[in-house]
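Just so we're aligned, residue 1 is where the sequence shown starts under our numbering, counting upward by one.
Backbone N, C-alpha and C fix where the C-beta goes; we use that ideal spot for every residue, glycine too.
Right, one structure below, let's go through it.
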Amino acid sequence: MAWFKRTDKGIKTSTAEKKDAPDGLWFKTPNGNIIHTRELKNNSFVCPDDDFHVKIGSKEYFEILFDNNKFKELDANMTSGDPLKFTDTKPYVARIEATIKKTDLNDAVRSAVGKMNGLDIVVACMDFNFIGGSMGSVVGEKIARAIDHSLKNKIPFLMISKSGGARMMEAGFSLMQMAKTSAKLAMLDQARIPYISMLTDPTTGGVTASYAMLGDFNIAEPEALIGFAGPRVIRETIGKDLPKGFQSSEFVLEHGFLDFIIDRRQLKNRLTTLLNLLNN
1 MAWFKRTDKG IKTSTAEKKD APDGLWFKTP NGNIIHTREL KNNSFVCPDD DFHVKIGSKE
61 YFEILFDNNK FKELDANMTS GDPLKFTDTK PYVARIEATI KKTDLNDAVR SAVGKMNGLD
121 IVVACMDFNF IGGSMGSVVG EKIARAIDHS LKNKIPFLMI SKSGGARMME AGFSLMQMAK
181 TSAKLAMLDQ ARIPYISMLT DPTTGGVTAS YAMLGDFNIA EPEALIGFAG PRVIRETIGK
241 DLPKGFQSSE FVLEHGFLDF IIDRRQLKNR LTTLLNLLNN
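Put into structure tokens, the structure is as follows:
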């Protein structure tokens, strides 16, 4: 006879009384370890066990960079038009509206001005969740206006890129943003105002071919994917296997396209040190 005998049969806890763990409370690292999202946030969204940099957006970068998360957002309400009346599986206008509702973002970049360790700085940060961080007319215009703010107030400009490239729904209008942002950055250079370009995972296509690679300092996060065309396209074009780690930030640094790679936990202090050196 079993040593334990249940006197009341059946489970007595009602469904309404059951306690479930809220979604998003835990994060599983690439090595399979489970950590609390609060611990992850306190560690600048870097996994403490393997230093893996979790993909984040403008909200999180602004929290990391701006003192006490205080900043003034620039051109916050700017949204994309539909100059080509583009339709694929759904009309472009409908896609934009659905993405705005889903992400609570108006487009793939947010720009803001505030203080970083007491230093004035303008930051433009891309959000991959908005149509793959694609560069459309709004992205180019907001970056151009953020640069104008830096020029007018003579304060440094930081660009954080995270993009799949140009936005196909705007075709030529999207590609024109490469020239527009590059011309604005040339004005920033002439005014001798520092421009720091930070490349995160992924930074590809027309973004890499324009403002992402035009910084006075080009920096990147560890193990970020950085390139123009995808590895498969390059492999088929040249007919050769690609080197190990091709298009990683470490590979790009080794070949002279980056100045340094920076751990996100050190980002704010390293940038402050760099700007102080430039100001002296």
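- Every alpha helix (DSSP H) stretch that sits fully inside the segment 87-164 and reaches 4 residues is listed by chain position as 92-103 and 137-153.
- Around the beta carbon of Pro-243, fewer than 16 other beta carbons lie within 10 angstroms, which makes this residue exposed.
- Here Lys-102 is exposed. Its C-beta has fewer than 16 other C-beta atoms within 10 Å.
- Distances from the CA of Asp-49 to each of Lys-55, Asn-31, Ser-58 and Gly-57 were compared; the closest alpha carbon is that of Asn-31.
- At a Cβ-Cβ threshold of 7 angstroms, Ile-155 and Asp-107 do not count as neighbours.
- In this structure, the alpha-carbon of Ile-147 lies about 15 angstroms from that of Ala-76.
- Taking the Cα positions, Ser-174 is about 6 angstroms away from Ser-137.
- Val-113 places its beta carbon 7 angstroms or farther from that of Lys-152.
- In the displayed model, Ser-248 falls within a strand according to three-state DSSP.
- Inclusion of Gly-140 and Gln-190 in the CB contact set at 7 angstroms is not warranted, their separation being larger than that value.
- With a contact defined as Cβ atoms closer than 8 angstroms, Leu-105 and Asp-82 miss out at about 18 angstroms.
- Between the segment 241-261 and the segment 211-226, the count of Cβ pairs shorter than 8 angstroms is three or higher; the stretches touch.
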